[in-house]
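Q:
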Amino acid sequence: TSAGVSAGIDMSLHIVRRLCGDQTAADVAHMMEYQTQEVPAS
Numbered sequence: 239t240s241a242g243v244s245a246g247i248d249m250s251l252h253i254v255r256r257l258c259g260d261q262t263a264a265d266v267a268h269m270m271e272y273q274t275q276e277v278p279a280s
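So the sequence shown is numbered by the numbering used here: it starts at 239 and just counts up by one.
#1: Taking the C-alpha atoms as reference points, what is the distance between Cys258 and Ser240?
#2: Whole angstroms are fine: how far does the CA of Glu276 sit from the CA of Ile253?
#3: State the DSSP-derived secondary structure class of Ala241, mapped to helix, strand or coil.
#4: Secondary structure at Gly304, three-state DSSP: helix, strand or coil?
#5: Run the CB neighbour count on Ala279, radius 10 Å, all protein chains shown included, and call it buried at 16 or more, exposed below.
In structure tokens form, the structure reads like this:
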């Protein structure tokens, strides 16, 4: 689950990435004019 608009978009792009791959998720984010920020895992 996610709360808030940006978190919802991030979660949606994560699902797209898992189902369709990195390039498709990047293409979708680009079409939406949405800049993603990768947070390194700790």
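Even for Gly, the Cβ is constructed at its ideal location relative to N, Cα and C.
These figures come from a predicted structure and were not determined experimentally.
A: On the basis of the supplied data:
#1: What you label residue 258 is simply residue 20 of the sequence shown in a count that begins at 1. What you label residue 240 is simply residue 2 of the sequence shown in a count that begins at 1. When rounded, the distance between both Cα atoms is 20 Å.
#2: Locating residue 253 in the sequence shown gives position 15, where the first residue counts as 1. Locating residue 276 in the sequence shown gives position 38, where the first residue counts as 1. Taking the straight line from one Cα to the other gives about 15 Å.
#3: Along the sequence shown, read from residue 1 onward, the residue named residue 241 stands at position 3. Coil, per DSSP.
#4: This structure leaves residue 304 out entirely; the chain is present only between 239 and 280.
#5: Locating residue 279 in the sequence shown gives position 41, where the first residue counts as 1. Exposed, because fewer than 16 other Cβ atoms sit within 10 Å of the Cβ of Ala279.
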